[in-house]
Amino acid sequence: MSRMSKWIRAHLVVLAGLLALAYLVLPNLVVLAFSFNKPVGKFNYEWNEFSTDAWTDPCGVADMCGSLSLSLQIAVLATVGATVLGTMVAFALARYRFRGRSATTAMIFLPMAMPEVVMAASLGTLFLNMRIPFGFTTILIAHIMFCLSFVVTAVKARVMSMDPRLEQAAQDLYATPTQTFLRVTLPLAAPGIAAGALLSFALSFDDFIITQFNSGPTTVTFPMFVWGASQRGIPVQVNVIGTAMFLAAVALTVVGQWLGNRRKATA
């Protein structure tokens, strides 16, 4: 008993981490399992029979793949816009001193602190007062504004941790400002930029509240489709799409980790 308690104390942090990981992954495993279910009735809440029908026909539900395509388009464009703008803002806040810098920093981080419904209602009121028709454009602008703070946070943290002597060494070797940025600064900041971009894509694709306030009658994203379908029975294909997105995220993380370890090994 004493030996067991010593082993638990020695591995307490690892055990806690594994329990937290299991708690986070368990819902995804449930979604994965029920993507192979053939439910009886409208609701896919109880296991009935193993079936691959949903995987062989993921677009078998009307308008579901259309909403998925719309969510992917908005997520990609919002990621590009938020990453480009957020990277420039992060470099400006981390490298330069100017009047209003503290206020700008507070305004950038404010959307992360306030409830989504406040920002959603504010943007919806702004578009309404400017007489901008609700639809694809308003959703895209809202998602860029929402994701911008997360990109700035990730990139700014990376930029502030960079060693300025590396850029100074490139300048001492007669590199131009453009060459220094492309060959030294940008590669060093790339992990932060990539993290911000991935976070933006996940937030944009998954968002419901901001999208609901700023969407038009014909712009139904995948989260909105799922919310609407929940009132009459969520089809099994929703589990298929959720599982596919989860597996894609895991694969991307594993590949990124493998590339990082390979780069360290060859350095």
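Residue numbers (the working numbering): 3 to 269.
C-beta: ideal position from N, C-alpha, C; glycine also.
> Can you name the residues that DSSP bridges to N39?
Replying inline: F52
>> I'd like the ranges of any beta strand (DSSP E) spanning at least 3 consecutive residues and lying wholly in the stretch 160-202.
In response: DSSP runs (the beta strand (DSSP E)) wholly in the stretch 160-202: none.
> How long is the line joining the alpha carbons of A197 and S163, rounded to whole angstroms?
Replying inline: 15 angstroms
> Which of helix, strand or coil does DSSP assign to R101?
Replying inline: coil
> Would G230 be called buried (16 or more neighbouring beta carbons within 10 Å of its own) or exposed?
Replying inline: exposed
>> Under 8 angstroms, with one C-beta from each stretch per pair, do the stretch 83-93 and the stretch 115-131 reach the 3-pair mark?
In response: When Cβ pairs closer than 8 angstroms are counted between the two stretches, the stretch 83-93 is seen not to touch the stretch 115-131, the count staying below three.
>> Do S37 and V256 have their beta-carbon atoms positioned less than 8 angstroms apart in this structure?
In response: no
>> Looking only at its chain, what residues have a beta carbon closer than 7 angstroms to the beta carbon of P193, apart from the 5 residues adjacent to it on each side?
In response: R160
> Does the separation of the CB atoms of V153 and T245 fall below 8 angstroms?
Replying inline: no
>> Please tell me whether Q239 and P60 are closer than 8 angstroms, where the distance is taken between their beta carbons.
In response: Taking the C-beta atoms as reference points, P60 is found nearer than 8 angstroms to Q239.
> What number of angstroms, rounded off, separates the C-alpha of F111 from the C-alpha of T155?
Replying inline: 8 angstroms
>> Please classify D209 as buried or exposed, where buried requires at least 16 other C-beta atoms within 10 Å of its C-beta.
In response: buried
> If you compare alpha carbons, which of V78, G102, Q173 is closest to I143?
Replying inline: V78
> With 16 other CB atoms within 10 Å as the buried threshold, where does A24 fall?
Replying inline: exposed
> Does DSSP put M147 in a helix, in a strand, or in coil?
Replying inline: helix
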